[in-house]
Each structure stands twice: as structure tokens, then as C-alpha cells.
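Chains as they are written, first to last, in the numbering used here: chain A, 81 to 564; chain H, 18 to 309.
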């Protein structure tokens, strides 16, 4: 796939990967073996029928390919860009045993982009069910849940605290990786399905989760508020000006357009020599944003090695290409300031890997007398996030020790009629895993409401099933009519 | 569509405005659900237009009957000056979200001193009123640079059992800052349970030092730089005792005797250079627009 030249792209916010042309896509699709085992489907958290959509691409039936993907994934243009394919579908691709695996993510993105460009709609006829569903949080988990519930005929309202919908896709992931226009297009598709987005609404404080069910009259609620609270290390110097979380940096830059200051009012004092602590996708995003904001040097500081870095392979590769300096086996011990309260340097120590810890990765241990300083004027923390505390503070939802919402295996919370999924249940994970959780919760919510999927054809019940219709007990009087 | 959606769709319209001075103005905004949910001590985040910044403002009042919330704003930077110029009655804000933060713990204190310095008079007023309604004996202390800048004196006085006015230049009440008022209250009452102080950080710092020797529980409301107000950016982190707290979700009110005010003041200057540049650029564009 064509990419912008590293030297050029490090100065702009345009997308790095240019996307496939039709010829590229056909050539790549031909590489699929259509093996009978189909490991890629099992490798996908939402089980997209990957061989089917690829075979439709080879037949140039692109609309058909789009419909196959959107049977299970409403947001192909997003997932094609941000899924960690190397550890999912592409990681188990049989072609990958000997050659490069089939670029499933790029093919998915190609189909998703085409759908946006050509304005394809796959708005099914939906029989209104009369049920009202509230979704808290407009990120990937909430969007996926809202889509499924809307398709089942529910009147869905998505609540978002920010002034724009999209959650982490909007505030967190920068434009060069996932353009805002793509997110807006996918949100527009949800609107066409009948989903209402209510921004500027802080659930928990404006009304509580319990009030959604009582006063506001929703029949079911899904919570996908994410794990947005940033972590700091607690080392000296963290309150200096110029020390900030990756969340703050990215939100200022992406959602609030601080990169266009003063055309936009939100400021961001960009550093010229930056250290970013952490080596996940958020760290890569933060480093590459700093580079694009004009930093002369950007250093990654990570206490383990490249092998343990949690970032997507492509992001790490792109960051290296763009000239980020990587300090593996390095951990900060203190941030040093000058007399004006600005950052002057970061003092680090060398680490070495010891025995594996509970995560299975080898535990980093400090090397004695190995401290050294890096001269910098900005430090960005990208070392993980914690559960957002607001719903815990304001509802009777049962939480586990660290503040994440407790659910059973069906994602039901301790409040009847309320489900939760995504990072607020599992801790920080991926976009597609959050979407998978949103869809799983939607399935359970439909079952709770007595709704059956409209895309499933139910056979008339045989004799002897008196008192049942479509396999649903008539005592359970909330069933929807299924239209073929 | 239920009633709530229709009301939110009414888009944060400014229904009343009052200008207390050249720099201080009041906006009353229609948002019935927010007016119903708001409690003393909470704040909102406002965006004036779609290219604006998100600024946190502590609620000065809320009226469930009228369905409105009230903000008192000081025009100090580009955003607040622009709002002063562009927000007459009938216009709408681009965004208004809240109530945010934990409500004040209007506890069982029987005798309370409520201190408001300058703009801080506005956010401390709902607390004085709540204490009054809870049956406490409320001593109000307000401080301004001079008499011309005073606002809400009558309103504040109406919820207080005692009322002390301080001005820096002595043009009204005691000549001096609010700590002089607190000293006076402390001298006359030996049974004060709590002091609530809201104002500039330096004022709150000295209020804390005034009450510290007396061991009286003192609460301050902090307003550091923040982006989202939901615990997500971490920009509003403050040092309280040996812990780091996020003012938006752990506060905004904290024990004044544990807050590191010097750290707070240093962090408030984080964007000083950008703020100055934005203000100068905006003022220049205003001059050009006027043809001057």
C-alpha cells in the first residue's frame, strides 16, 4: 500500500497510509487461498466472514463485500485502520506461514472507504419494537451496541459528555491514523439507522444511570464509558509545566484542534525536545503528534524491550521510520525543572529483564548505578489508563477494586436492565474488542427485551409448541414481529 | 421524543444578562435539566463557539423553577472577553455540559463562615444559601478591590446572619482583604465549625493560613486548567496532602489545609504565553474590525 514519505508526513496531519486502489485490492484479494479451515474468522473478535468478503472482492462485487462485512461489523473503515490485525485475523492467516499474510485489514479499509465515498447505505427495513434504549458513551463499544439495537427496531439514544460524538476515536486517535471525516461518516450511518446522539450530556451527573431506567423511561441501558483516566508514575517533578498525559495532548490536538492555534482557541505548548513514556499505541500516537507539531527530537522511554512493546506493529514501524528515538529498557526516576517551573531534563535508569510477571512478560528490574539524563522540555505520559470514576461515584453499580464495572458473562451489571462493555469492564483494550463487547451486550439486551434478530428467519413452530410463537414463550409478551 | 430531548435541543440559550462592571458579567442560561440536577459547589464546562476552548466555570446559581443556571464571568482572557462581546440575551452557547464535580458536602455544621473574594462571591453564594436552608448560622465575608466592583451584596446578605464587607481601598466596609473579615468573625465567635472560601488561589491560600492555627475545617474550591472535566485529561491534577487529585472528579472542593497552593498557582500559568498571544491577536482583530 502506498504511504506518504516519512520525511514529508512527519510535518503534516494527513493520513500516513494512502489506501488501496481497485487494482491493489484485486491483486491482494487473489492471494487468499480460501482455505477450508478459515482460521481468520476465528481470529476476528466479531467473526467477520473474511473469506466471503475477499471472494466477493475478487468477483468485483464490492457492494456485496461491504454487505458481508457490515453483517457483523458496522464500522469497516475504522477497524480496517486501527485493529491489531497481526495478532488477530492476519496473525493466523495460512498464507502467513510462508509469505506475508493476506492484508485483510487493508482490504477491509478499502471496502469501508469505498462505501463512504459512494454513499452506500445498508439501512435495513426495521419494524419499530417500541423499546427505548440508552447508550452511555459514544466510543466504539457504544456505537456497536447502538447499531445492533437500532437494527432490532429500538429507539436508541447515545449520550456523550464531549461536544462531539466518537469517544476515543475522536479525541484519542490522531487524524494521520484515523481521519475525523471517516468517524463522522460512520456516525452518520448510525444516524441513518435512527440512532440519536445527545452530546454535552454527562450521565451520572446530569441524571443517573438509575434515572435512565425510571424517570427517563428507557427499557435497557448500555454503558461504554471507557477507561479514560490517565496514570502518572508518581515520581518527582510531575507537576511541572510541560508534563502532561497523552490523553491531554491528544485531546487538545485532535478534538480541540490545538494544532491550528490560534485559529482555534485551545492552546498546546508543544515541546521542541520531547520524551514520551510508554510504548503502546497511545504512546506512538503522542510521539508522532509531537513530531508533527514541530518537535526537533522525540524520545520514547520504555522500561521493557521492543519485543514487549504493546503497540500495533505498523504503528511502531511508522514511528521508527519517522525518526522517533527509542530508549528501550529505560525507566524515568525524576523529571527536572528550571527556575520557571518548566521541564529541563528527565533522569532515567537502565533496566534489565528478569523473571516473567503475572502478565507473562519478563519483569523489568533496575540496573544499579545506571542513572542518566536526557535533555528535554516536555514529558508525555502514555503508561495506561484507569476506569472513569463518574458512574461509580453516582450510581449503585457494583465495581471491582480498581473501579471497573463488574458484569457477569452476559455483560449484565448489578443493576437489572443495565449492561456494560468495553474498557470500562475489561480495562484498556482495542477498538474492535470494545465493539465486540458492545455487540455481545446488544445480543443479551435483545434477549432481555424479548427481541429476536431481524436477520434470522424463524421457522413456524411445529405442533406441540402451544403457547409459543417464533420459539418465544408467549408469557414473555415482549416479542417483536419478524419481517423477512 | 420525550420532553428531555426537546429541552436539550433548545441549545443553551442566554435568557438574561447583567453587567456588574467593565470586566464582570452574569449570564443566565436556559437548561432545565441542568438547573434541576445542579447542586452547590458543582461546575460546568462552556464553549462559546465551535472553534472555542472548553472553560470550566463554577455555578453561581441554578433555578429549577425557571429552568436556568447562572454563571458569573470575569473577562480576563481571549475566551472570556470574546464571550463578553458576543453573548447578548437571545444568543446561544456552542456547548454547556454539567453539572460536574462533587457537590459541596453541606454537612451538619452549625456555624459557618462563607468567604467570597471578587468573582468568588458568585460560586460561594449557593453554598451560603444551602447552609442557611439547613439551619446553620451563616457569616458572610465578601472582599473586592473597591466598592465599584461589588456585586450581589444584597443577595448574599439575604442568606447570612452576619455580613462583613472588605475592600482593598476601604471604599466600603473594612479596609483590607478577606482574611481581615475572617479574623473579625473568629474574634467574635469561638464556635465556628467550618469556613468555606472561594476566590483567587492566593486569597484561598491566605484564608487557609488564617484558619490553620484555629484548627477550623476549611474548604476551598479549585479551578485549575482542564479540558474535558470528566477525569480524562489529568490537566487539573492538584497536590492535596501527599496525594495527587484530579479537581474535576475528586473535587473541585478540597481541604484547604492540605492543598499545595503554590503548585496550583504554578500550574495555572502553564499556558500563559499562549493565552497572552491569543488575547493580543484577538484585540488586534477587534481594532481592525472597528477600523481603528
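Cβ coordinates follow ideal geometry from the N, Cα and C atoms, glycine included. Small disclaimer: the values here were computed from a predicted structure and weren't measured.
Check	Outcome
Compute the Euclidean distance between the alpha carbons of residue 166/H and residue 189/H, then round it to the nearest angstrom.	11 Å
Thinking just about the alpha-carbon of each residue, which of 298/A, 110/A, 466/A and 131/A is nearest to the one in residue 116/A?	131/A
Can you check DSSP and say which residues form a bridge with residue 262/H?	255/H
Just the chain H side, please: which residues come within less than 9 Å of residue 352/A by C-beta, in chain order?	Neighbours of residue 352/A on chain H: none; closest Cβ ~14 Å, over 9 Å.
Given this structure, state the Cα-to-Cα distance separating residue 41/H from residue 100/H, to the nearest angstrom.	11 Å
Provide the residue(s) that pair with residue 277/A in DSSP beta bridges, ordered along the chain.	238/A
Which same chain residues end up closer than 7 Å to residue 109/A when comparing Cβ atoms and leaving out the 5 residues on each side of it in sequence?	134, 137, 138 and 187
For the stretch 188 to 198 of chain A and the stretch 215 to 231 of chain A, state whether three or more C-beta atom pairs, one from each stretch, are separated by less than 8 Å.	no
Threshold first: 4 residues or longer. Then list the alpha helix (DSSP H) segments lying entirely within the stretch 316 to 371 of chain A, N to C.	326 to 330
Where does residue 498/A sit, in a helix, a strand or coil, going by DSSP?	strand
With a cut-off of 8 Å, does the C-beta of residue 73/H fall near any C-beta of chain A?	no
Evaluate contact between the stretch 241 to 254 of chain A and the stretch 82 to 95 of chain H, counting only Cβ atoms and requiring at least three cross-stretch pairs below 8 Å.	no
What residues of chain H sit near residue 308/A, judged by a beta carbon separation below 9 Å?	245, 247, 248, 249 and 250
Closer than 8 Å, CB to CB, is residue 476/A near chain H or not?	no
When you compare the CB of residue 331/A with every CB in chain H, is at least one pair closer than 8 Å?	yes
Which whole-angstrom value is the C-beta distance of residue 502/A and residue 311/A, which I expect to be below 8 Å?	With a Cβ gap of about 18 Å, residue 502/A and residue 311/A do not count as contacting.
To which residues of the same chain is residue 41/A closer than 6 Å at the C-beta, ignoring the five residues directly before and after it?	Chain A is shown only over 81 to 564; residue 41/A falls outside these bounds and no answer can be derived.
For the structure I just gave you, are there three or more beta carbon pairs, one from the stretch 84 to 97 of chain A and one from the stretch 144 to 155 of chain A, closer than 8 Å?	no
In whole angstroms, give me the CA-to-CA distance for residue 178/H and residue 226/H.	25 Å
Of the choices 523/A, 168/A and 303/A, whose alpha-carbon is the least far from that of residue 469/A?	303/A
Taking 8 Å as the CB-CB limit, is residue 419/A close to chain H?	no
Rounding to the nearest angstrom, what Cα-Cα distance links residue 90/A and residue 365/A in this structure?	12 Å
For residue 321/A, which residues in chain H fall below 8 Å Cβ to Cβ?	283, 284, 286 and 287
How should residue 177/A be labelled, buried or exposed, when 16 other C-beta atoms within 10 angstroms of its C-beta is the threshold for buried?	exposed
Considering residue 112/A, what are the terminal residues of the alpha helix (DSSP H) in which it resides?	Counting along the chain, residue 112/A falls outside any alpha helix (DSSP H), and DSSP gives it neither H nor E.
Look up residue 119/A in the DSSP assignment and say whether it is helix, strand or coil.	helix
Helix or strand or just coil, what does DSSP make of residue 267/H?	helix
Rounded to a whole number of angstroms, what is the C-alpha to C-alpha distance between residue 94/A and residue 231/A?	34 Å
Can you tell which of 209/H, 250/H and 182/H has its C-alpha closest to the C-alpha of residue 265/H?	250/H
Mapping the DSSP letters down to three states, classify residue 436/A as helix, strand or coil.	strand
Nearest CA to the CA of residue 480/A: which residue from 499/A, 496/A and 506/A?	506/A
Can you list the residues of chain A that residue 311/H reaches, using a CB-CB cut of under 8 Å?	This structure leaves residue 311/H out entirely; chain H is present only between 18 and 309.
Check residue 508/A in the structure and name its three-state DSSP category.	coil
Using the beta-carbon count (16 or more within 10 Å), is residue 102/A buried or exposed?	exposed
Say whether chain H places a C-beta atom closer than 8 Å to the C-beta of residue 481/A.	no
Counting C-beta neighbours from all protein chains within 10 Å, is the total for residue 122/H 16 or more, i.e. buried, or is it exposed?	exposed
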